[in-house]
Structures are given as structure tokens and as C-alpha cells.
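A.B. asks: Residues 14 to 145 (my numbering) make up the sequence shown, in order. Don't be surprised by glycine CBs; every beta carbon is placed ideally from N, CA and C.
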Amino acid sequence: MRPELVELMKSILVPVEPHHQMASVLDHALLLARIQGSYIEGFALQHNLPISAVDPMVAAFVLSEEMDDKTSSEHQARQLFETFMVERSVARSEGQSAGPTYGWLDDAPAGESFLGSYSRVFDITVVGRFGD
14 MRPELVELMK SILVPVEPHH QMASVLDHAL LLARIQGSYI EGFALQHNLP ISAVDPMVAA
74 FVLSEEMDDK TSSEHQARQL FETFMVERSV ARSEGQSAGP TYGWLDDAPA GESFLGSYSR
134 VFDITVVGRF GD
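(1) By DSSP, does V11 sit in helix, in strand, or in coil?
(2) Who are L118's beta bridge partners in DSSP?
(3) Can you tell me the Cα-Cα spacing of S77 and Y115, whole angstroms?
(4) CA-CA distance, P113 and T84?
(5) At which residues does the alpha helix (DSSP H) containing S130 begin and terminate?
(6) Indicate whether I57 and E95 have their beta-carbon atoms separated by less than 8 Å.
(7) Please classify Q92 as buried or exposed, where buried requires at least 16 other C-beta atoms within 10 Å of its C-beta.
(8) Could you work out which residue in A121, D136, A46 and F135 is closest to E30 when comparing CA atoms only?
(9) Thinking C-beta only, is V27 closer than 8 Å to G55?
See the structure below:
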């Protein structure tokens, strides 16, 4: 990567979803952050899967089960992200700080459209490819 581009990366977004590539994604985000003392923000990436059911009772059961899974995966994603940052001595963002800092976005909406629009606020978004 060209050095003049790295200097512009003061804010880094990392969509977090538990998979075997996540450690590599976080390592790359932290490598960039250490160069410039950047802010890294994580959030739980939730895929927006359509639910279709004929019976309203079945739909209610599926939605309830999906909400439990969403809460569990959000907690797991946050725990993975924050554990990674703490183990590498990255400070939680609380105003100006020397060196890289991190933060977490709670209750991010589901779907890739949120990722697309929210990532525009950041200088770079670091993602991995699930399934490789």
C-alpha cells in the first residue's frame, strides 16, 4: 500500500462476525491503526435474511428464535472484538489518545445496506471473506 494513503486512514471500520478469518481481519485493522494511531470501530454484522411463512404462528416462532440468535451472535461478536483489543493493549476510545483506540457500535441494523452506508463515514473498512 502506498505510504501517502496509509497516512489518511485515521478511522477504521471492522464489521465483526465470528468466523475463522476474523483474527486475520482484526490483525490487519490493528496494523493499519498502529501506523497512524487510528480509531477502530467494530460492530456485529448481521445478515438480513427474509422470512416467509404462511402460518402466523410459525412466523412468530421463527422471528422469536431469530431474535435470540441475533442477540447471542451480537454478544459473541462484541466479545471477540473487545478481547482481541484488550489482549493487544489497545485503549478504549475516550477522546484524544496517542496510539490506536477502539470503540463498539451497539445495535447496528441488520443488512449489508447498513454496512455500505455506514462505512462511508470511515477512511477504510476491513472485511474478511467468510467460508475460505
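C.D. replies: According to the structure data:
(1) Any answer about residue 11 is impossible in this case: the structure gives the chain only from 14 up to 145.
(2) F56
(3) With a pLDDT of 47 at S77, under the threshold of 50, the modelled position of that residue is not reliable, and no figure is offered here.
(4) 28 Å
(5) Unbroken alpha helix (DSSP H) run through S130: E125 to Y131.
(6) The question names Ile, yet the displayed sequence has Ala at residue 57. For A57 and E95, no; Cβs fall outside 8 Å.
(7) exposed
(8) A121
(9) Judged by their CB atoms, G55 and V27 are nearer to each other than the 8 Å cut-off.
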